[in-house]
Structure formats: structure tokens, C-alpha cells
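Just below is one structure, and these are the notes that go with it.
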Amino acid sequence: MKNYEIIVTGRVQGVGFRHYTVQKANELGILGWVKNMPDDSILIVAQGDEPVINTFIDFLYIGPTRSRVIQVSKSEMISSANFHNFSVKY
Numbered sequence: 003m004k005n006y007e008i009i010v011t012g013r014v015q016g017v018g019f020r021h022y023t024v025q026k027a028n029e030l031g032i033l034g035w036v037k038n039m040p041d042d043s044i045l046i047v048a049q050g051d052e053p054v055i056n057t058f059i060d061f062l063y064i065g066p067t068r069s070r071v072i073q074v075s076k077s078e079m080i081s082s083a084n085f086h087n088f089s090v091k092y
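Below you can see the structure in the form of C-alpha cells.
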């Protein structure tokens with residue numbers, strides 16, 4: 003499994019996006035965390051196999067009903083971190 007940094011921009015804060023992200027990550031077996039950022043984006047650190055991460059990104063583009071996603075960017079991280087669940091970071 004690899005670790006990825008994913009940044010989601012658009013109307014993604016205050017619309018339930020973090021909890022939506024946790025739900026989809028749990029459905030797909032992805033580990034890591036999600037966090038609101040000061041620039042109104044969402045930062046996700048996700049651990050999983052690339053095909054599953056790509057499916058996750060497809061769900062992120064959809065987002066919860068009140069969101070409007072403009073961009074989702076993914077980059078592979080050089081990290082040895084291992085996660086045990088997927089959670090919201092505050």
C-alpha cells in the first residue's frame with residue numbers, strides 16, 4: 003500500500019465533506035485522515051492501493067449534496083506511516 007496526499011478545492015468546507023470522506027474511505031478500506039485547511043480546501047492523507055485510491059477520488063469529485071468540487075489533486079507521499087483507521091483531524 004502507498005500513501006497519498008489529496009487536496010480537494012471548491013465549496014468543500016461547512017457542507018459535510020469530511021464526514022462524507024470518512025464514509026467513502028471506510029467503504030473502500032482506505033486508511034488515513036481528512037482535515038479542513040485554512041485556505042478553505044480539504045487535505046486528505048490516504049493509504050491504499052492506487053486503483054482503490056483512484057475510485058476514492060471519483061467519489062471525492064461527487065462529494066456530498068451541498069458541496070461543489072473544483073479540483074482534486076493527488077500526489078504520492080514518501081512515507082512509512084501506517085494507519086489503523088480513517089478519521090477526521092481537527
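Heads up, the sequence shown is in our numbering, so the first residue is 3 and it goes up one at a time.
Glycine included, C-beta positions come from ideal geometry on N, C-alpha and C.
Predicted, not measured: the structure shown is a model, and the values here were computed from it.
Query - Sub-8 Å separation of Val-24 and Leu-62 beta-carbons - result: Taking 8 Å as the Cβ cut-off, Val-24 and Leu-62 do not qualify as a contacting pair.
Requested in this report: Alpha carbon to alpha carbon, how far is Ser-82 from Val-14? Give it in angstroms, no decimals.
Outcome: For Val-14 and Ser-82, the distance between alpha carbons rounds to 29 Å.
Report task. Leaving out five residues on either side along the sequence, give the residues of the same chain with a beta carbon under 8 Å from the beta carbon of Val-54. Result -> Closer than 8 Å at the Cβ level, and outside the excluded window around Val-54, lie Leu-30, Gly-31, Ile-32.
Requested in this report: Classify Thr-23 as helix, strand or coil using the three-state DSSP reduction.
Outcome: Thr-23 carries a helical assignment under DSSP once its states are collapsed to helix, strand and coil.
Report task. Could you tell me which residues DSSP puts in a beta bridge with Ser-75? Result -> DSSP, once it has assigned bridges, lists Ile-9 as partnering Ser-75.
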